[in-house]
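Enquirer: Residue numbers (my numbering): 12 to 222.
For each residue, glycine too, the CB sits at the ideal point set by N, CA and C.
These numbers were taken from a predicted model, which means no experiment stands behind them.
Before anything else, here's the structure in question.
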Ligand SMILES: [Cu+2]
């Protein structure tokens, strides 16, 4: 009688543990370690981390930066190739016009195109008009956003005819030097956007991380 009761108890315990495990959403974490770029222009060494956590339909994005030009807005995105080639951060070789600066256009050979903005509404995918973070007077900032993965995938598919965000094939760029920074005319930007706004100041390749 006692053994039978114990058996039922163990069985019920195992079942409830299994149910709890099944109910927990699968999670995956991706991290990009951001290394400085164009330090000869910034005069600082921008570095930090971008962390992406996927849990069910929620993508949580956390970016933490230091050493960025202070008291100004910094554009930030993931860039990649629309044919899903593997994007990498540019090296000195990307400076094809040899002006000593790797501008946004020169990043395209290794990193592709601007894709998803880390602004107030990433799924809105409005790169040029997004609300991006402002650095403190000490040159630091943190960014936190939660995004519906299905909404982001739908917006991504509309823009790039591809449903796959494919984070591990993307790189994160942080941009921006003060608007009064003198840049040679050889430093190119995107359309009418000033080169000071789009100048890359840090880059990191997104990699799958252990939990
Ligand atoms: Cu960008």
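To the nearest angstrom, how far is the alpha carbon of residue 124 from that of residue 177?
Expert: Cα to Cα, the separation comes out at about 14 Å.
Enquirer: Quick check: residue 174 and residue 187, are their CB atoms within less than 8 Å of each other?
Expert: In this structure, residue 187 does not lie closer than 8 Å to residue 174 by Cβ.
Enquirer: Could you name the residues of the same chain whose beta carbon sits closer than 6 Å to that of residue 209, not counting the 5 residues immediately before and after it, in chain order?
Expert: The residues are 115, 186, 200, 201.
Enquirer: Under 6 Å Cβ to Cβ from residue 160, same chain only, skipping five residues before and after it: list those, please.
Expert: Correct list, in chain order: 68, 70.
Enquirer: Would you check if the distance between the CB atom of residue 104 and the CB atom of residue 182 is smaller than 8 Å?
Expert: Result no, Cβ atoms of residue 104 and residue 182 do not sit closer than 8 Å.
Enquirer: Kindly examine ligand 1 and report whether one of its heavy atoms sits closer than 7 Å to the Cβ of residue 125.
Expert: Yes, since a heavy atom of ligand 1 falls inside the 7 Å radius drawn around the Cβ of residue 125.
Enquirer: Can you check whether the CB of residue 133 is closer than 8 Å to the CB of residue 156?
Expert: Yes. Within cutoff.
Enquirer: Using DSSP with H/G/I as helix, E/B as strand and the rest coil, what is residue 204?
Expert: In this structure, residue 204 counts as coil in the three-state DSSP scheme.
Enquirer: Is the beta carbon of residue 138 closer than 8 Å to that of residue 85?
Expert: Not in contact: residue 85 and residue 138 (Cβ atoms no closer than 8 Å).
Enquirer: Closer than 7 Å to a non-hydrogen atom of ligand 1 - does that hold for the CB of residue 90?
Expert: At least one heavy atom of ligand 1 is nearer than 7 Å to the Cβ of residue 90, so yes.
Enquirer: Would you kindly work out how many angstroms separate the C-alpha atoms of residue 54 and residue 151, rounded to a whole number?
Expert: Roughly 15 Å separates the two Cα atoms.
Enquirer: Under 7 Å from any heavy atom of ligand 3, does the C-beta of residue 63 make it?
Expert: This structure lacks ligand 3; the ligands present are ligand 1.
Enquirer: Should residue 51 go down as buried or exposed, given a rule of 16 or more other Cβ atoms within 10 Å for buried?
Expert: Exposed.
Enquirer: Taking residue 171 as the reference, which of 126, 57, 111 has the closest Cα?
Expert: Among 126, 57, 111, the Cα nearest to that of residue 171 belongs to 126.
Enquirer: With a CB to CB cut of under 6 Å and the five nearest residues on each side skipped, what residues in its chain are close to residue 128?
Expert: Answer for residue 128: 88, 138, 141, listed in chain order.
Enquirer: Please go through the stretch 76-146 and give each complete alpha helix (DSSP H) segment of 4 or more residues, from N-terminal end onward.
Expert: You should have 119-122.
Enquirer: Buried or exposed for residue 30, going by 16 or more other Cβ atoms inside 10 Å?
Expert: Residue placement at residue 30 is flagged as unreliable, the pLDDT there being 48, under the threshold of 50; a coordinate-derived value is accordingly withheld.
Enquirer: How many Å lie between residue 110 and residue 184 at the Cα?
Expert: Their Cα atoms are separated by approximately 20 Å.
Enquirer: Considering only their Cβ atoms, is the gap separating residue 83 from residue 145 smaller than 8 Å?
Expert: Contact flag set, yes.
Enquirer: Can you tell me whether DSSP reads residue 219 as helix, strand or coil?
Expert: It is a strand residue.
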